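In terms of my numbering, the sequence shown opens at residue 23 and continues consecutively. Read through the structure below, which is laid out as C-alpha cells, and then see the notes.
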Amino acid sequence: MGMPPHLVEQAFSHLKVNKKISLEQLLETAATEEGIYSSHLRRLWRVIEQQTELLEALKKVVTTDTSDTLVSLKPILAYKLHSTGLVDLKGDQVMTRCNLYRQYFRNRIEVL
Numbered sequence: 023m024g025m026p027p028h029l030v031e032q033a034f035s036h037l038k039v040n041k042k043i044s045l046e047q048l049l050e051t052a053a054t055e056e057g058i059y060s061s062h063l064r065r066l067w068r069v070i071e072q073q074t075e076l077l078e079a080l081k082k083v084v085t086t087d088t089s090d091t092l093v094s095l096k097p098i099l100a101y102k103l104h105s106t107g108l109v110d111l112k113g114d115q116v117m118t119r120c121n122l123y124r125q126y127f128r129n130r131i132e133v134l
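See below:
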C-alpha cells in the first residue's frame with residue numbers, strides 16, 4: 023500500500039517550489055514535526071490520542087517489525103483506524119497504510 027495521493031502531490035508541489043531541497047531531504051524530515059506533513063500528522067494524532075482504545079490499537083499496529091505486517095484487532099477498532107486513513111484492511115487484519123504514518127506514530131507512541 024502507498025502514501026495517500028494528496029500527500030504525494032503535496033511533496034511534488036513542495037519540491038517544485040523549493041528547488042533547494044532534494045527528495046531525499048524531504049523524505050528524511052517527512053515523519054517529523056519539521057516535515058511538510060506535520061500539520062496533517064498532528065491533526066491525526068489529536069484524533070487518536072483522545073481515544074485510549076484506539077491509541078492502544080494503533081500502538082499494536084505501528085510497533086510491528088515492518089509496515090506490511092498484518093495485525094489482528096477487534097473489528098470495531100480496525101474499522102475506526104481504517105476510517106482515519108491510517109491503516110488498510112486486509113480481510114480481518116490491518117496494516118499501516120504507509121511508512122510515513124508508521125514512523126510518525128511509532129515515534130509519538132514511544133514517548134508516551
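C-beta: ideal position from N, C-alpha, C; glycine also. Here the structure is a predicted model, which is why all the values come from computation and not from measurement.
**OP:** Drop a sphere of 10 angstroms on the beta-carbon of Tyr126, count the other beta-carbons inside from all chains shown, and report buried for 16 or more, exposed for fewer.
**Re:** buried
**OP:** Have a look at His36 and Glu56 and give me their C-alpha separation to the nearest angstrom.
**Re:** 14 Å
Subject >> Proximity to Thr139 [Cα-Cα], best of Val30, Gln73, Glu31 and Val133 >> reply: Only positions 23 to 134 of the chain appear in this structure, which leaves residue 139 out of reach.
Original post:
At what residue ranges does the stretch 78-118 contain a whole run of the beta strand (DSSP E), taking only runs of 3 or more?
Top reply: 109-112 and 115-118
Original post:
Does the stretch 78-97 come close enough to the stretch 37-57 that 3 or more CB-CB pairs lie under 8 Å?
Top reply: no
**OP:** Buried or exposed for Arg65, please, with buried defined as at least 16 other CB atoms from any protein chain shown within 10 angstroms of its CB.
**Re:** exposed
Original post:
Should Thr88 go down as buried or exposed, given a rule of 16 or more other Cβ atoms within 10 Å for buried?
Top reply: exposed
Original post:
Of the residues Gln32, Asp114 and Arg124, which one's Cα is nearest the Cα of Leu99?
Top reply: Asp114
Original post:
Do Leu122 and Leu45 have their CB atoms nearer than 9 Å?
Top reply: no
Original post:
Looking at the unbroken alpha helix (DSSP H) that takes in Pro27, where does it start and where does it end?
Top reply: Unbroken alpha helix (DSSP H) run through Pro27: Pro27 to Val39.
Original post:
Using DSSP with H/G/I as helix, E/B as strand and the rest coil, what is Gln73?
Top reply: coil
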